[in-house]
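Chains as they are written, first to last, in full-length UniProt numbering: chain S, 1 to 91; chain Z, 1 to 91; chain G, 1 to 91; chain C, 1 to 91; chain L, 1 to 91; chain U, 1 to 91; chain R, 1 to 91; chain H, 1 to 91; chain A, 1 to 91; chain X, 1 to 91.
Ideal placement from N, C-alpha and C gives every residue a C-beta, glycine not left out.
10 protein chains.
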Amino acid sequence: MLFHVQMEVRLPHDMPAAQADDIKTREKAVAQEYQRQGKWPHLWRVAGRYANISIIDVADIDELHALLSSLPLFPYMDIRVTPLARHPSAI
Amino acid sequence: MLFHVQMEVRLPHDMPAAQADDIKTREKAVAQEYQRQGKWPHLWRVAGRYANISIIDVADIDELHALLSSLPLFPYMDIRVTPLARHPSAI
Amino acid sequence: MLFHVQMEVRLPHDMPAAQADDIKTREKAVAQEYQRQGKWPHLWRVAGRYANISIIDVADIDELHALLSSLPLFPYMDIRVTPLARHPSAI
Amino acid sequence: MLFHVQMEVRLPHDMPAAQADDIKTREKAVAQEYQRQGKWPHLWRVAGRYANISIIDVADIDELHALLSSLPLFPYMDIRVTPLARHPSAI
Amino acid sequence: MLFHVQMEVRLPHDMPAAQADDIKTREKAVAQEYQRQGKWPHLWRVAGRYANISIIDVADIDELHALLSSLPLFPYMDIRVTPLARHPSAI
Amino acid sequence: MLFHVQMEVRLPHDMPAAQADDIKTREKAVAQEYQRQGKWPHLWRVAGRYANISIIDVADIDELHALLSSLPLFPYMDIRVTPLARHPSAI
Amino acid sequence: MLFHVQMEVRLPHDMPAAQADDIKTREKAVAQEYQRQGKWPHLWRVAGRYANISIIDVADIDELHALLSSLPLFPYMDIRVTPLARHPSAI
Amino acid sequence: MLFHVQMEVRLPHDMPAAQADDIKTREKAVAQEYQRQGKWPHLWRVAGRYANISIIDVADIDELHALLSSLPLFPYMDIRVTPLARHPSAI
Amino acid sequence: MLFHVQMEVRLPHDMPAAQADDIKTREKAVAQEYQRQGKWPHLWRVAGRYANISIIDVADIDELHALLSSLPLFPYMDIRVTPLARHPSAI
Amino acid sequence: MLFHVQMEVRLPHDMPAAQADDIKTREKAVAQEYQRQGKWPHLWRVAGRYANISIIDVADIDELHALLSSLPLFPYMDIRVTPLARHPSAI
């Protein structure tokens, strides 16, 4: 089941660089693990912004929220979810 | 080059059904042709809306606009385009 | 799987009364059938508006869109969907 | 009398973890007590957000505000209330 | 129980003057009857707009919606409702 | 002359409790004094929010601004003013 | 007493040219009469829009609404009013 | 003097094709004449929309409004103007 | 050449009072000097807000930006500029 | 390939002046280098704001994001990108 997810990252400007780097390193590892599991089939950078547009493929909404809230950057992100259905013109 | 495109369709309520059907039939054919050409790799329905979220893969912005404005529904759509870059965490 | 759905109805002012009445009668029948099936567990009127807030319980997003787009009022509604997960404090 | 309530939580990033945990623990206890009393019949998590959508069932608006402002997270929440009436198609 | 209600009137420009006059005459009669009943204690014109801000005093939300949807202008109004609680500083 | 005033209070989370209490105590005293003078005829709490909707009755706009900016909470409030005229259907 | 007024004109595209011309001619006459009376001290065109920003000087809010609603274009305008107080730095 | 101008075109769907074509033909001629005069140095299409972003170079604001309101599409456009100053980092 | 300028002031709550007072004192002096020079012909307080609406009369856009960015409060203001043309009904 | 880019700068008020000056100095150098390379053909100041409107000319979206995210002010900017196509009326 596919969900369209927009994530905007807003790290506090006074966060120590080491802490920010640690969060980003862990975020990358987690994001890549979900990709390898096939649960995060698309991850794109929004040009010009510290933001991404993603497609998440999970079994249900609880798994979606569990995945998103497990991200190390979750406390610093504004996330918007749009459920996607099959389009009748898609081949 | 990937663009994220959101399309909201707003057909006038007083359009004759035959005309609307004709536009939709041609729209479907055109959309499927672009998909077969690999230029419209993803096409999803936004649940609950006469709208879609698409990923368009074209050589440049002029081709993007040519593609979108060639759609039979173009005069009746509100379209928003977001350019997508490669994400550093994408595998 | 639960979805929070907001529906705003916007019937054209020049729709003949008989046509509007027919659509509303069919809408009511369809809505009540979905309720009887357990797929539309909650349906509330937004006070002061020709609008409702609903909870829809379906197996997946495709079924959600099929249900919503089967409503006779669908062409005249602005619909917003929010996916709902279980809340950790819910009993 | 039913009210639709949307709550967005915005804890300051510099709040000590112990203080945040204490507030959340107390929030959970209070929310569950209101649920047991039948005053908070529905509590859902908005997928991807530190937010909930709730249905509150109280005798009047003063009780609604008393309930909401008694929540330990109240000073950190953006709350929107929508009054709900019975829908003529509800069974 | 008090509700703050904002009403914006949007009559179609092509409505015949006689029909518009009839609706407005009936609206005025209904609004004044509700005022005499004490259910519409305040009714103010928003300066520069075909709009009003009202305070409605009813027993519950169903009565609020029944009152508002009984207004002859209801099909042509955009209405927003805000529930009001007693303010601790009010004397 | 009546003005509709919406006030949203946003106290900084790091304001010491004693300072906040002092401001609120003084705010209450000032608000009640204006009520006793007949200049603040209505003061309601917006349910679920640290906000109020008020009707202010003053001789002119300068007095309105003087009143509002004399409030101890003024530096922490987002205030919106709407001028109210007599409504032709008001009795 | 000064009010800042923004007026956006939205004439229906299907209004006959003669009718539109008549309304505009009368609007101009009325606007100039109010200017001569000193009640409309400033009237500027918003560059690029069929809109104006005006300063209206009237005795009270009822006179403001009477003036604005007497304009021949009133049924076709979206008007926003902002009350203006004396600025402490104005000379 | 440079102004950044965004123009969104909204032709009524029921305008006869011949009339629309005539307006567009005249619009193109006028736009190209202003370009030749050096008053419209940049004209870009917003990808996916019947809209443009333009830079207009005129002597003053009155000339700007005269230019924009002389466009055959002016009655059908939503235009937003942003004044541009020299940037200290521009070379 | 006239520009309509809206300025919202947002001083950080943790700015020391002496620093804020110094900025405001200098702001007032600068604002009054521009008024005496005829470059700031109108300056009004928006009732209920730490904000003003101004008319600025300068030779060109560069002078406008130079004037606005020379204000001591400039780093703490959200400023919106609207270019004003002569209105055909202005006398 | 041209992109329209709007950049709003929001430096934290508590950033030390020396650090802010250093960032601005480096920003200017980088911006001018991109201009000399022909990748940033237009850079304008939005009058009254710490903001710019730019035209960026790059080979693709990845280069666009690389350019924008290399700016020293990038962590402090809100950036919006609009892809530009050739306009059929451009000469």
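| Check | Outcome |
| --- | --- |
| First and last residue of the uninterrupted beta strand (DSSP E) at Q35/R | Where Q35/R is concerned, there is no enclosing beta strand (DSSP E), although the alpha helix (DSSP H) it sits in stretches over A17 to R36. |
| Reduced DSSP secondary structure (H/G/I, E/B, other) of A85/A | strand |
| Amino acids of chain C, ordered along the chain, whose beta-carbon sits closer than 7 Å to that of R86/G | R45 |
| Among R26/G, M1/G, P75/G and I79/G, the one whose alpha carbon lies nearest that of K39/G | M1/G |
| Neighbouring residues, chain S, relative to P75/Z (Cβ below 8 Å) | Going along chain S, no residue has its Cβ under 8 Å from P75/Z, so there is no contact; the nearest lies around 18 Å. |
| Close-in-space but distant-in-sequence residues of the same chain around L84/L (CB under 7 Å, 5 per side omitted) | L2, F3 and H4 |
| Buried or exposed (CB count within 10 angstroms, at least 16 for buried), R45/U | buried |
| Status (buried if at least 16 other CB within 10 Å, exposed otherwise) for K36/X | First, the residue type needs correcting, since residue 36/X is Arg and not Lys in the sequence shown. Counting Cβ neighbours within 10 Å, R36/X comes out exposed, since fewer than 16 surround it. |
| Residue-level contact to chain S via CB, H13/C, 7 Å cutoff | yes |
| Any non-hydrogen atom of the ligand ATP closer than 6 Å to P16/X Cβ | Of ligands this structure carries none, so the ligand ATP is not represented either. |
| Spatially closest choice to F74/C from N52/C, P41/C and G48/C, by CA coordinates | N52/C |
| Nearest-angstrom Cα separation, counted from I79/U out to I55/L | 20 Å |
| Cβ-Cβ distance between L64/H and A47/R below 7 Å | yes |
| Cβ shell of I23/H (< 7 Å), same chain only, five flanking positions each side left out | P72 and L73 |
| Cβ shell of Y76/R (< 7 Å), same chain only, five flanking positions each side left out | V9, R10 and L11 |
| Proximal residues to V81/G (C-beta, below 6 Å), its chain only, five neighbours per side dropped | F3 and V5 |
| Span separating the alpha-carbon of R49/C from that of E27/L | 44 Å |
| Those residues which DSSP pairs with residue 113/G across a bridge | It is not possible to answer for residue 113/G, since the shown part of chain G is limited to 1 through 91. |
| L43/L vs H87/U beta-carbon contact at 7 Å | yes |
| Three-state secondary structure (DSSP) of L71/L | coil |
| Option nearest A66/R by Cα separation, candidates A20/R, S89/R, A90/R and V30/R | V30/R |
| Buried versus exposed call for I91/G [16 or more other C-beta atoms within 10 Å across all chains shown] | exposed |
| Which residues DSSP lists as bridging R80/X, in chain order | Q6/X |
| Contacts that R10/L makes with chain R (C-beta to C-beta distance below 8 Å) | The premise fails here: R10/L is roughly 10 Å from chain R at the closest Cβ pair, so nothing lies under 8 Å. |
| Short Cβ contact (7 Å threshold) for P41/G with D62/G | no |
| Chain X contact for R80/S (CB, 7 Å cutoff) | no |
| Distance between beta carbons of Q19/R and S89/A, contact taken as under 8 Å | That belief does not hold up - the Cβ atoms of S89/A and Q19/R are roughly 19 Å apart, past 8 Å. |
| Euclidean distance between Cα positions of M7/C and H13/R | 43 Å |
| Proximity test, Cβ basis, 7 Å: I61/R and chain U | yes |
| CA-to-CA distance, T25/U to D21/C, given in whole angstroms | 30 Å |
| Nonlocal neighbours in the same chain, by C-beta distance under 6 Å from Y34/A, ignoring five residues either side | W40 |
| Simplified DSSP assignment, three categories, for H42/A | strand |
| Rounded straight-line distance, which links the Cα of P16/C to that of residue 92/A | Since the first residue of chain A shown is 1 and the last is 91, residue 92/A is not available in this structure. |
| Close-in-space but distant-in-sequence residues of the same chain around S70/C (CB under 8 Å, 5 per side omitted) | V30 |
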